[in-house]
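Asker: My structure is below; once you've seen it, I'll send some questions.
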């Protein structure tokens with residue numbers, strides 16, 4: 001089984017950049033997709049079932065933009081909009097069938113270090129929104145890892161292990177994901193670079209492969225400021 005996680009840099013579905021990325025994602029035949037900084041209609045060509053979270057605006061954005069978009073070929077159930085976390089970033093969670101098993105999928109867009117809600121005066125302190133999101137996210141993660149198979153993915157806005165930025169906020173990130181395997185920790189094969197777009201798993205989910213996908217198309221088009229992440233996995237038991 002396979003998932004794809006990609007930040008598409010707010011490129012609308014009609015743009016050549018988005019069209020190229022979506023075509024590549026489709027060719028990978030994923031079972032689950034998470035897009036961040038995407039659009040409501042980014043994955044409509046796939047059919048299936050889409051969940052989207054608008055999240056907090058940190059700058060001016062169009063009506064159709066969404067912080068997180070999740071896709072599955074099967075219906076979503078037990079949908080949790082994670083409203084407390086969504087007050088600071090982007091988040092949505094639900095269960096879907098994968099390989100005949102019920103798996104909780106969580107899509108998140110953790111605020112970057114300078115994030116501040118559009119129009120807020122005075123602006124949020126550096127790392128403030130990032131840390132507040134993690135504070136709210138933590139109890140969700142700790143509960144879900146007890147409940148069954150769970151996959152958390154999206155834009156964490158931190159490299160793991162840490163390479164820069166607030167040590168305090170990084171420790172909060174590691175604490176939040178205690179009990180999870182961070183499949184995307186370190187340099188990713190195929191890219192040989194660290195990512196800020198992560199995949200974390202717990203419960204019966206076993207990672208069998210991880211790879212990065214270039215943001216640059218074969219034709220030389222730079223499609224995003226993030227490269228993509230592909231994780232292959234299986235369900236044990």
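Residue numbers (the UniProt record's numbering): 1 to 237.
Note that beta-carbon positions come from the ideal geometry of N, C-alpha and C, so glycine has one too.
Everything numeric in this text was worked out from a predicted model, so none of it was measured.
One question on the structure: do residue 213 and residue 191 come within less than 9 Å of each other, judged by their Cβ atoms?
Answerer: Going by C-beta atoms, residue 213 is nearer than 9 Å to residue 191.
Asker: Should residue 30 go down as buried or exposed, given a rule of 16 or more other Cβ atoms within 10 Å for buried?
Answerer: Classification of residue 30: buried, given that the 10 Å Cβ count is 16 or more.
Asker: What is the residue span of the beta strand (DSSP E) that residue 153 lies within?
Answerer: Where residue 153 is concerned, the enclosing beta strand (DSSP E) stretches over 150 to 155.
Asker: Can you give me the C-alpha to C-alpha distance between residue 52 and residue 5, rounded to a whole angstrom?
Answerer: Taking the straight line from one Cα to the other gives about 14 Å.
Asker: By Cβ distance below 7 Å, which residues in the same chain neighbour residue 194 in space, the five residues on each side in sequence not counted?
Answerer: Correct list, in chain order: 159, 163, 186 and 187.
Asker: Once you ignore the five residues that flank residue 137 on each side, which residues in its own chain have a CB closer than 6 Å to its CB?
Answerer: 85 and 176, listed in sequence order.
Asker: Is residue 236 buried or exposed, if buried means 16 or more other CB atoms sit within 10 Å of its CB?
Answerer: Exposed, since its Cβ has fewer than 16 Cβ neighbours within 10 Å.
Asker: Alpha carbon to alpha carbon, how far is residue 113 from residue 130?
Answerer: The alpha-carbon atoms of residue 113 and residue 130 are separated by roughly 6 Å.
Asker: Report the option in 103, 104, 123 and 107 whose CA atom is closest to the CA atom of residue 59.
Answerer: For residue 59, the nearest C-alpha among the options comes from 123.
Asker: In three-state DSSP terms, what is residue 136?
Answerer: Looking at residue 136 - three-state DSSP - the assignment turns out to be helix.
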